[in-house]
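To start, the structure under review is shown below, and the notes come after it.
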Amino acid sequence: MSILKLKSFNGNVMAENKTLDAVKKCLRDFPLEARELYLNKTVPCLEQPLSPLEFYREWIGPNKPCVIRNAFGHWPALSKWNPSHLREVVGSKVISVAVTPNGYADAVNRDRFVMPEERLMTFSSLLDVVEGKVESRGVFYVQKQCSNLTEELPELTGDVEAHIPWMSEALGKLPDAVNFWLGEAGAVTSMHKDHYENLYCVITGEKHFILLPPSDRPFIPYEHYQPAVYRQREDGDFDVVDVADSGKVPWIPLDPLKPDLELYPDYSLARPLHVTVKAGEMLYLPSLWFHHVRQSHGCIAVNFWYDMEYDIKYNYFQLVESLAGAVGPL
Numbered sequence: 001m002s003i004l005k006l007k008s009f010n011g012n013v014m015a016e017n018k019t020l021d022a023v024k025k026c027l028r029d030f031p032l033e034a035r036e037l038y039l040n041k042t043v044p045c046l047e048q049p050l051s052p053l054e055f056y057r058e059w060i061g062p063n064k065p066c067v068i069r070n071a072f073g074h075w076p077a078l079s080k081w082n083p084s085h086l087r088e089v090v091g092s093k094v095i096s097v098a099v100t101p102n103g104y105a106d107a108v109n110r111d112r113f114v115m116p117e118e119r120l121m122t123f124s125s126l127l128d129v130v131e132g133k134v135e136s137r138g139v140f141y142v143q144k145q146c147s148n149l150t151e152e153l154p155e156l157t158g159d160v161e162a163h164i165p166w167m168s169e170a171l172g173k174l175p176d177a178v179n180f181w182l183g184e185a186g187a188v189t190s191m192h193k194d195h196y197e198n199l200y201c202v203i204t205g206e207k208h209f210i211l212l213p214p215s216d217r218p219f220i221p222y223e224h225y226q227p228a229v230y231r232q233r234e235d236g237d238f239d240v241v242d243v244a245d246s247g248k249v250p251w252i253p254l255d256p257l258k259p260d261l262e263l264y265p266d267y268s269l270a271r272p273l274h275v276t277v278k279a280g281e282m283l284y285l286p287s288l289w290f291h292h293v294r295q296s297h298g299c300i301a302v303n304f305w306y307d308m309e310y311d312i313k314y315n316y317f318q319l320v321e322s323l324a325g326a327v328g329p330l
């Protein structure tokens with residue numbers, strides 16, 4: 001290579017490195033500016049629901065979470081949904097239950113993205129496990145996110161509302177899904193995001209959320225994994241079985257309960273919010289917010305998923321996500 005070509009090559013490399021450094025700085029500054037401009041340092045609590053217009057203006061539009069009290073105190077479920085009542089009403093119903101060896105369903109396990117074993121069992125059999133009446137290897141969690149309350153347990157729908165009227169009016173549509181959740185304390189939902197406006201209503205017990213705004217995406221690692229499922233053997237141990245003919249799944253390998261900052265140092269710049277939602281309380285979890293969830297043993301919840309608007313907010317998030325994925329560590 002001639003001296004002129006070498007100088008030109010070095011100049012191009014230096015220019016590219018300078019551009020990359022500038023993009024990385026923008027991605028580091030972007031979440032900081034979001035916190036300064038509009039994000040709360042904690043999750044606020046409203047003592048009652050707002051009007052549809054107020055809720056849209058103050059929470060949905062700005063894409064900010066909040067806890068809402070006194071939002072569904074009239075639901076019969078709050079007083080009726082105990083084990084004896086559930087056994088009587090839906091004990092014989094066959095439902096889909098996620099079973100894992102460690103409580104982590106839809107999560108990274110070493111070099112695999114592992115989904116739970118989906119086991120069909122009667123509701124009474126599930127309650128036997130949750131109440132400790134029978135011993136069983138694994139962690140059990142009703143978590144099927146396909147409007148399982150209306151599809152698998154329609155007998156219980158009369159104890160809750162079919163939708164949240166003020167939310168439906170605010171968004172101009174009905175929910176896409178109404179989901180029922182019941183599980184053991186060991187069941188954990190790994191960090192992820194959803195393309196839904198989510199109203200999460202705790203009926204019994206409590207849920208523990210770790211939340212990260214979409215603007216923190218540059219600090220959240222993603223990697224691609226071979227998908228697999230758990231399969232329990234006759235001896236009680238679990239195998240990890242690859243899903244054949246399936247492309248790799250992008251997922252977050254980091255556990256916010258014990259983040260590996262040596263492996264993922266950028267996460268030290270994130271500012272997660274911690275909030276506990278108690279029985280009778282509702283969490284508004286905005287679309288695209290990253291969340292990690294745990295619960296007290298036997299906690300029951302119902303959530304309403306409203307499809308998000310794919311507007312400029314989504315457009316901005318896609319841009320930040322694309323840039324974060326392209327530039328690598330900050």
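Just so we're aligned: 95 in the UniProt record's numbering is position 95 of the sequence shown, and the numbers increase by one with no gaps anywhere. Idealized CB from N, CA, C, for every residue including glycine. Since this is a predicted model, take the numbers as computed values, not measurements.
Residues that DSSP places opposite I210 in a beta bridge:
H274 and H292
Do you know whose CA, among Y104, I164 and G172, lies nearest V188's CA?
Y104
Just curious, the alpha helix (DSSP H) that Y314 is in, first and last residue?
I312 to V327
Looking only at C-alpha atoms, which of M282, V243 and T19 sits nearest to C45?
M282
Does chain C have any CB closer than 8 Å to the CB of Q226?
Within the model displayed, chain C is absent; a lone protein chain is all it includes.
Do you know how far the Cα of P62 is from the Cα of M121?
42 Å
Looking at the secondary structure, which residues open and close the alpha helix (DSSP H) in which V129 lies?
F123 to V130
How would you label K207, buried or exposed, when you count the other beta carbons within 10 angstroms and need 16 or more for buried?
buried
Helix, strand or coil at D239 according to DSSP, with G and I counted as helix:
strand
Where the alpha helix (DSSP H) containing M167 begins and where it ends
P165 to L171
Taking all protein chains shown into account, decide if I220 is buried (16 or more other Cβ within 10 angstroms of its Cβ) or exposed.
buried
If you drop the 5 nearest sequence neighbours on each side, which residues of the same chain put their C-beta closer than 8 Å to that of L39?
K64, P213 and S215
Buried or exposed (CB count within 10 angstroms, at least 16 for buried), I68:
buried
When you compare each of H195, D106, E54 and Y267 to R217 by their alpha carbons, which one comes out closest?
Y267
Comparing alpha-carbon positions, which option in P31, V249, A98 and L211 lies nearest Y225?
V249
Given F123, which residues of its chain have a CB within under 7 Å of its CB, disregarding the five upstream and five downstream residues?
L86, V90, G91, K93 and I95
Quick check: the Cα distance between Y314 and Y230, rounded to an integer number of angstroms?
33 Å
Could you check what DSSP says for P250 in three-state terms: helix, strand or coil?
strand
Can you give me the C-alpha to C-alpha distance between V275 and L199, rounded to a whole angstrom?
14 Å
Distance between L319 and Y310 (C-alpha atoms, nearest Å):
13 Å
Going along the chain, which residues of its own chain have a beta-carbon closer than 6 Å to the beta-carbon of C66, five neighbours each way excluded?
P44, L46, W59 and Y284
Could you tell me which of K173, L171 and I203 sits nearest to L156, measuring between CA atoms?
I203
Span of the alpha helix (DSSP H) holding V90?
P83 to V90
Could you tell me the alpha carbon to alpha carbon distance between E42 and V277, rounded to whole angstroms?
It should be pointed out that residue 42 corresponds to Thr in this sequence rather than to Glu. Approximately 13 Å between the Cα atoms of the pair.
Cβ-based burial, S190 [other Cβ within 10 Å; buried from 16]
buried
Inter-residue Cα distance where the pair is E169 and L50
12 Å
Go to T100, then tell me how far its beta strand (DSSP E) extends in each direction, as first and last residue.
V94 to T100
Residues of its chain near G236, where Cβ-Cβ distance is below 6 Å and the 5 sequence neighbours each way are ignored
R137
What do you get for P175, buried or exposed, if any count of 16 or more other CB atoms within 10 angstroms of its CB means buried?
buried
Looking at S147 and A177, is the spacing between their C-beta atoms short of 8 Å?
yes
Please name the residue, chosen from P116, R271, N303 and F113, that lies closest to E36 on a Cα-to-Cα basis.
R271
Are L27 and L330 close, meaning C-beta to C-beta below 8 Å?
yes
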